[in-house]
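Encoded as structure tokens, the structure appears first; notes follow it.
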Amino acid sequence: MTSATLPLGGAATEERKLFPLRKRTGTAAFHLSKEAVDFGAEDLEKLSEKQAVLLLADTVWGSTKEMSCPHCGTFDAHYFYSRELRWKCKCCDKKFSVTSKTVFADHKLSLVKILKIAYSWANGAAGKPALQLRRDWKVGYPTVFTLVHKLREGLLRGFNVGVLCGVQEMDGMDINGRRYREKRNKPQGGGGAPKPRIPPHLLKPQVDPETGEIHGPPKPPKYDKTSKQPEDRRILLVMRQRGVAKGKGAVATRIAVAKTESAKTVTEMARRYASAESVFCSDEDTSYAAFARLFAGHKSVAHSRSYSGPDGANNNQAESFNWRMRRAAEGIYLNPSNKYLKDYAAEQAWREDTRRLSTGKKLKHLFRVVLSVGLSAFWRGYSHGKHREEELLIEGNSPAKGRGRPKGWRPKPPR
Ligand SMILES: [Zn+2]
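Under full-length UniProt numbering, the first residue of the sequence shown carries the number 1, and numbering increases by one thereafter.
So this is what it looks like as structure tokens:
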């Protein structure tokens, strides 16, 4: 509706001209629509444990009557023991529940509570802190921490997989590490650290009082990838497939963590997650130079000049993911460790891809994915000290160039 058709008086029309109604487009319109919320905390409140089991069975197996036995794989209408909320296999006689051989095997919380916590977690735009979930649902911090990490593991192993084909946008963002904070002019080491100086390159040019010469601002510090980087800095590589529908954004996301954004790491990622028929869009980074040869096409956009090129060359969907991840890293995770960085990124990739699902569909999608990956490989036995040791990095990393004093440095002994 334009301002001309609005039945308003003179003054109001003037005001409307100054502040025109903004047309809601894209995901914002969806979020405010009726369809976006088809399920709420109230609906979960009404669920009995049996209903929760049947809801999950229907979500995971697509049926509450027929399913395949997690022990022997026999697909049949197995016997349901409604008091135990378990099934008994018609072939191997073993009993199983809806969470047998899944990341939630041997769960101690009731399924209703797991659903409630997961629902609350899934509804955050950029996530929800485990500490807040602990307060909201009155559970121990280790319990809720492992629970949400099991959800992330399910997304990492069940969602961040598979080869994409189409127009892919690719980008790398730097995350963690000291230099990343420096770039944002934040003091190091929290509140006790001194306030940052105004960087010299932001100062006004000075006139020399004696000679009258103007001394321009010094060159800004070089923060590109050729300068030395701290060792804990990581690059989060993201690849997003553009949807065919116009104006609906990307439809699928893949992520990987690397130490450097180099030709080796980006090629490794692109080859792993995209078919050779794909067309790539990226920024002007030289790492992507070989993409025109390796894939069906490659367009690049010069970010120093514009956000989008004339032929639709842009990687704005990839930047959209970067923004969501940045929001989460600074507002939810606060200090994501490098060890679990990929898990966190997989969570954000899932949030991006399910942004247009209603609350109920999102919860079902989450459990369908998470309960499909088998037993937890990372979190089983966590409370007994069995922790994942390794960081999940993509191949092709050369070690980050260290900063500061070389290894083994000792001060000179006094003479
Ligand atoms: Zn069986």
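Ideal Cβ placement from N, Cα and C applies to all residues, glycine included.
What you are looking at is a predicted structure, and each value in this text was computed from that prediction instead of being measured.
Residue closest to residue i, alpha-carbon to alpha-carbon, out of the options
i                : options                           : result
asparagine 338   : Val257, Cys281 and Thr354         : Val257
aspartate 353    : Gly385, Val60 and Ala318          : Ala318
aspartate 136    : Leu147, Ile117, Phe145 and Gly154 : Ile117
glycine 158      : Val370, Trp409 and Leu294         : Val370
arginine 355     : Leu18, Cys165 and Gly124          : Gly124
leucine 392      : Pro209, Gly374, Tyr344 and Arg351 : Tyr344
glutamate 395    : Ala292, Thr260, Arg388 and Lys361 : Thr260
phenylalanine 39 : Trp121, Phe321, Leu363 and Val98  : Leu363
glutamate 277    : Val266, Lys264, Thr265 and Arg293 : Arg293
arginine 234     : Val244, Ser262 and His71          : Ser262
alanine 29       : Pro411, Leu357 and Lys386         : Leu357
valine 112       : Pro70, Ala41 and Gly26            : Ala41
serine 398       : Val266, His303 and Ser383         : Val266
cysteine 89      : His71, Lys246 and Val301          : His71
leucine 54       : Lys95, Thr99 and Leu18            : Thr99
glutamate 35     : Leu375, Ala122, Gly360 and Ser383 : Gly360
Straight-line gap, residue i to residue j (C-alpha atoms, nearest Å)
i                 : j              : result
lysine 186        : threonine 286  : Summary for lysine 186: the model assigns pLDDT 49, below 50, so the residue's position carries little reliability, and this model does not support an answer.
glutamate 84      : threonine 64   : 15 angstroms
leucine 237       : glutamate 284  : 15 angstroms
glycine 309       : valine 279     : 15 angstroms
glycine 212       : tyrosine 307   : 41 angstroms
isoleucine 175    : histidine 78   : 49 angstroms
glutamine 51      : tyrosine 340   : 34 angstroms
cysteine 91       : glycine 73     : 9 angstroms
arginine 290      : isoleucine 332 : The question names arginine, but residue 290 in the sequence shown is alanine. Roughly 37 angstroms between the two C-alpha positions.
isoleucine 114    : glycine 312    : 44 angstroms
leucine 32        : leucine 156    : 29 angstroms
arginine 410      : methionine 173 : 35 angstroms
arginine 242      : tyrosine 288   : 18 angstroms
isoleucine 268    : serine 120     : Going by the sequence as given, residue 268 is glutamate instead of isoleucine. Cα to Cα, the separation comes out at about 36 angstroms.
glutamate 66      : alanine 57     : 10 angstroms
glycine 26        : glutamine 168  : 20 angstroms
proline 205       : glycine 408    : 43 angstroms
alanine 302       : serine 282     : 9 angstroms
phenylalanine 145 : proline 20     : 46 angstroms
alanine 4         : leucine 18     : Confidence at alanine 4 is low in this model, with a pLDDT of 46, below 50, so its placement is unreliable and no value can be given for it.
arginine 240      : alanine 122    : 21 angstroms
Secondary structure of residue i, DSSP reduced to three states
i                 : result
tyrosine 81       : strand
glycine 62        : coil
arginine 388      : coil
alanine 126       : coil
glycine 297       : strand
arginine 254      : strand
phenylalanine 367 : helix
tryptophan 409    : coil
arginine 242      : strand
glutamine 379     : Correcting the residue identity first, residue 379 is tryptophan in this sequence and not glutamine. Tryptophan 379 falls in the coil class under three-state DSSP.
alanine 302       : coil
residue 465       : Outside the modelled stretch of the chain, which goes from 1 to 415, sits residue 465, for which no answer is possible.
glycine 172       : strand
valine 148        : helix
isoleucine 214    : strand
arginine 326      : helix
alanine 4         : Residue placement at alanine 4 is flagged as unreliable, the pLDDT there being 46, under the threshold of 50; the coordinate-derived value follows with that caveat. Of the three classes helix, strand and coil, the one that applies to alanine 4 here is helix, per DSSP.
alanine 274       : strand
isoleucine 235    : strand
valine 112        : helix
asparagine 397    : coil
leucine 164       : strand
aspartate 38      : coil
Residue burial classification, residue i (beta-carbon count within 10 angstroms, cutoff 16)
i              : result
aspartate 106  : exposed
asparagine 335 : exposed
isoleucine 214 : exposed
arginine 152   : buried
serine 48      : exposed
lysine 299     : buried
proline 414    : exposed
leucine 133    : buried
glycine 385    : exposed
glutamate 14   : exposed
lysine 150     : buried
valine 60      : buried
glutamine 188  : No answer about glutamine 188 holds up, because its pLDDT of 48 lies below 50 and its placement is not dependable.
glutamate 210  : exposed
residue 417    : Outside the shown range of the chain (1 to 415) lies residue 417, about which nothing can therefore be said.
glycine 154    : buried
arginine 305   : exposed
lysine 46      : exposed
leucine 131    : exposed
arginine 271   : exposed
Given 8 angstroms, three or more beta-carbon pairs between the segment 246 to 256 and the segment 132 to 149
no
Is the segment 89 to 107 close to the segment 321 to 329, with three or more CB pairs under 8 angstroms?
no
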